[in-house]
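First the structure, in the form of structure tokens, and then the observations on it.
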Amino acid sequence: MERGKGEDKEQVIQDGVAAMAHCYKGFNPTAYLQYNYTPPRADFSRADSIVPWKLGCLHRAFTEGDVGGEMLVDVGSGPTLYQVLSGCEVFGRVVLTDFLDVNRRELRRWLGEEEGSFDWTPYLQHVCKLEGRSPSAWQEKAARLRSVVTEILPIDVHQPSPLPPGTLPSPGADCLVSSFCLESVSPDLASFTRALGHLSALLKTGGHLLLIGALGESYYMGGPGVRIPVVPLDEAQVCSSLRSSGYTLLHLSTYTLPPDMRVGVDDVTGIFFVKARKM
Ligand SMILES: C[S@@+](CC[C@H](N)C(=O)[O-])C[C@H]1O[C@@H](n2cnc3c(N)ncnc32)[C@H](O)[C@@H]1O
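Numbering follows the UniProt record's numbering, with no gaps: position 103 of the sequence shown is 103.
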């Protein structure tokens with residue numbers, strides 16, 4: 001029997017998604033952390049370093065007063081925790097998620113205070129400073145984060161229901177945060193937009209989405225020799241994907257990488273930060 005055009009199109013999408021999953025087989029959390037979460041990209045003495053810029057955006061978004069509720073879900077956490085350091089003060093329950101077991105294990109290592117886990121201390125200190133606390137309060141913040149993370153779940157943003165059934169209360173989370181996930185796991189812009197729509201299944205109507213992502217990026221290194229393709233986005237495409245996936249844009253900021261942040265582990269030219277609300 002002949003296949004319809006719709007079925008062919010769906011097959012192309014599925015093939016693209018399967019190819020992306022294959023790329024992630026070589027993802028190396030230790031190398032990824034080293035490439036992106038150490039200086040110069042995480043230099044807390046410089047306001048123009050990537051990580052302080054992201055932490056500043058998250059701090060502002062979580063302290064403007066409109067984001068709140070009980071549950072925060074981080075989509076595609078990877079091996080990183082910086083993206084929930086501000087949100088963990090606002091929400092009583094934080095759910096971390098990732099597609100790969102190696103990343104979920106890396107997160108558990110830090111939560112379990114295991115030796116050799118990544119050192120998030122300078123990040124915790126920096127966010128304490130943003131919150132007007134002494135940097136020495138970082139241990140309280142670490143304890144707070146460890147106490148509010150209730151689950152670390154598998155996720156696949158290409159599924160209409162990305163999380164295992166029954167893991168979230170039925171109206172969904174109060175807030176989602178997601179950083180550098182959708183554009184780096186989607187084979188093309190259409191799949192990126194579709195994944196954004198799938199996320200809305202996890203979010204309450206009226207809930208907030210805080211989205212951080214790469215601009216103009218076509219690949220990044222997920223480990224030595226592991227080149228992962230990325231959908232190169234511009235601001236207009238991000239805004240249009242949000243609109244067509246049922247979100248109202250509340251705020252958009254962008255950052256342009258200074259030349260010395262281009263360290264050869266990707267070809268990213270900028271970063272966007274979006275605060276949006278599910279309609
Ligand atoms: C570029 S990393 C971002 C990690 C982290 N959020 C950060 O800010 O650095 C992309 C993450 O997406 C995860 N991922 C891969 N395929 C996915 C999928 N289908 N659904 C959800 N996450 C996926 C990867 O395991 C990886 O941790």
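The beta carbon of each residue, even a glycine, is placed where N, CA and C say it ideally should be.
These numbers were taken from a predicted model, which means no experiment stands behind them.
Asked                                                                                                                                                     : Found
For the structure I just gave you, are there three or more beta carbon pairs, one from the region 163-174 and one from the region 63-82, closer than 8 Å? : yes
With a CB to CB cut of under 8 Å and the five nearest residues on each side skipped, what residues in its chain are close to G225?                        : G26
Less than 8 Å between CB atoms is the rule here; does F91 satisfy it with respect to chain B?                                                             : This model lacks chain B altogether; it includes just one protein chain.
Based on the DSSP secondary-structure assignment, which residues constitute the bridge partners of G116?                                                  : BP columns for G116 are empty, so no partner.
Just tell me which of I228, K275, E64, T254 has its CA closest to the CA of residue 300.                                                                  : No answer is possible for residue 300: it lies beyond the span of the chain, which begins at 1 and ends at 279.
Taking only three categories from DSSP, how would you classify G56?                                                                                       : helix
Taking the alpha carbon of E106 as the reference point, which residue from T80, L72, H126 has its own alpha carbon closest?                               : T80
May I ask you to report which of helix, strand or coil DSSP gives C175?                                                                                   : strand
Among the candidates S184, D8, T193, T30, whose CA atom is the shortest distance from the CA of D267?                                                     : S184
Figure out for me which residue from P154, V90, Y32, S244 has the closest Cα to the Cα of K141.                                                           : V90
Taking 7 Å as the cut-off, is the CB of T80 close to at least one heavy atom of ligand 1?                                                                 : yes
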